[in-house]
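*Asks:*
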DNA sequence: TCATTAAATTGTT
DNA sequence: AACAATTTAATGA
């Protein structure tokens, strides 16, 4: 069998963007890629560390967080299985500005910076893809600012869950996400108790199903459309 | 494989 | 913040 033909299909299992590459490019990516495993709750890197990889989540869930001056942890974003992140840091060649923590047992695919930069500079389609990815993320952050001005807790939780499920950035998602209500509360900037009640509200509306350490979302569209009426 | 125990998570006040 | 109830994970027979 021609090994060049297998490069793309091998890469496709961990990188949904494999199709935009040529066989030669896919082979280079595989050569520059590694795998890392983390247990639930362990740090992938701390703020200020160098972590010079573009990173894809094969399985698991990763949160971006920092510690406030008051010593309270604040979670800013979550990335689900299938998502790729860190391109901003890699492009700027900077240390990480946030802690990265694995929320559940997590497998990462990591692409080293030289290979990433080579792709960026030599593959038009990859640069095109990155632009799209950055544009999507920009839209997400603006939506986050908008969400944080919404005061109804159920609507906030709904919006943050939709953010975690966003199909454009995280296409390999199944119909549920493994996250505790406490962590979801961190994401939404709510207490665990309020998050618990918000989930009950959403569940009563048939939009989510709260299970142990897991939240199922049968219809992302309907959840995205949830609005507080009062 | 099953029962017991510990730990984590959730529901409620 | 505290407490009880529930679920999962770990242990060992």
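Numbering (the working numbering), first residue to last: -13 to 216.
We put the CB at the ideal spot given by N, CA and C, even for glycine.
1. Taking the beta strand (DSSP E) that residue 32 belongs to, which residues open and close that run?
2. So residue 44 packs on residue 67, CB below 8 Å; how close in whole Å?
3. Give the straight-line distance between the Cα atoms of residue 109 and residue 84, rounded to the nearest whole angstrom.
4. What is the DSSP secondary structure of residue 98, reduced to helix, strand or coil?
5. Below 7 Å CB to CB, which residues in the same chain sit around residue 197 once its five sequence neighbours on both sides are set aside?
6. List the whole-angstrom C-beta distance separating residue 151 from residue 165, where the pair is believed to meet the contact cut-off of C-beta under 8 Å.
7. My assumption, with CB atoms under 8 Å, is that residue 219 sits in contact with residue 39. Please give the rounded CB distance.
8. Do you know whose CA, among 212, 131, 123, lies nearest residue 175's CA?
9. Contact between the stretch -8 to -1 and the stretch 71 to 86 is defined here as three or more beta-carbon pairs at a separation below 8 Å; is this criterion met?
10. Report yes or no: do three or more beta-carbon pairs, one from the stretch 23 to 39 and one from the stretch 114 to 121, lie closer than 8 Å?
11. What's the C-alpha gap between residue 96 and residue 28?
12. If we ignore side chains and look at the alpha-carbon of each, how far apart do residue 141 and residue 169 end up?
13. What does the alpha-carbon distance come out to for the pair residue 201 and residue 194?
14. If we ignore side chains and look at the alpha-carbon of each, how far apart do residue 143 and residue 211 end up?
15. Can you list, in chain order, the residues of its chain with a C-beta nearer than 8 Å to that of residue 161? Leave out the 5 residues immediately preceding and following it.
16. With a Cβ-Cβ cutoff of 8 Å, do residue 46 and residue 90 count as a contact?
*Replies:* If we stick to the structure as given:
1. For residue 32, no beta strand (DSSP E) encloses it, and the DSSP letter there is neither H nor E.
2. Taking the Cβ atoms as the reference, residue 44 lies roughly 7 Å from residue 67, within the contact range of under 8 Å.
3. Their Cα atoms are separated by approximately 29 Å.
4. DSSP places residue 98 in strand when its eight states are reduced to three.
5. Apart from the 5 residues on each side of it in sequence, residue 197 has no Cβ closer than 7 Å to any other Cβ in its chain.
6. Residue 165 and residue 151 do not touch by the CB rule: their CB atoms are close to 11 Å apart, not below 8 Å.
7. A question about residue 219 goes unanswered here, because the residues of the chain that appear run from -13 up to 216.
8. Comparing Cα positions, the closest option is 131.
9. The stretch -8 to -1 vs the stretch 71 to 86: no contact.
10. The answer is no - the stretch 114 to 121 does not touch the stretch 23 to 39, with fewer than three Cβ pairs under 8 Å.
11. Each residue's alpha carbon lies about 17 Å from the other.
12. Their Cα atoms are separated by approximately 17 Å.
13. Whole-angstrom Cα-Cα distance: 7 Å.
14. Taking the straight line from one Cα to the other gives about 12 Å.
15. For residue 161, where only same-chain residues beyond five positions count, the Cβ hits under 8 Å are 202, 203, 204.
16. Contact: yes.
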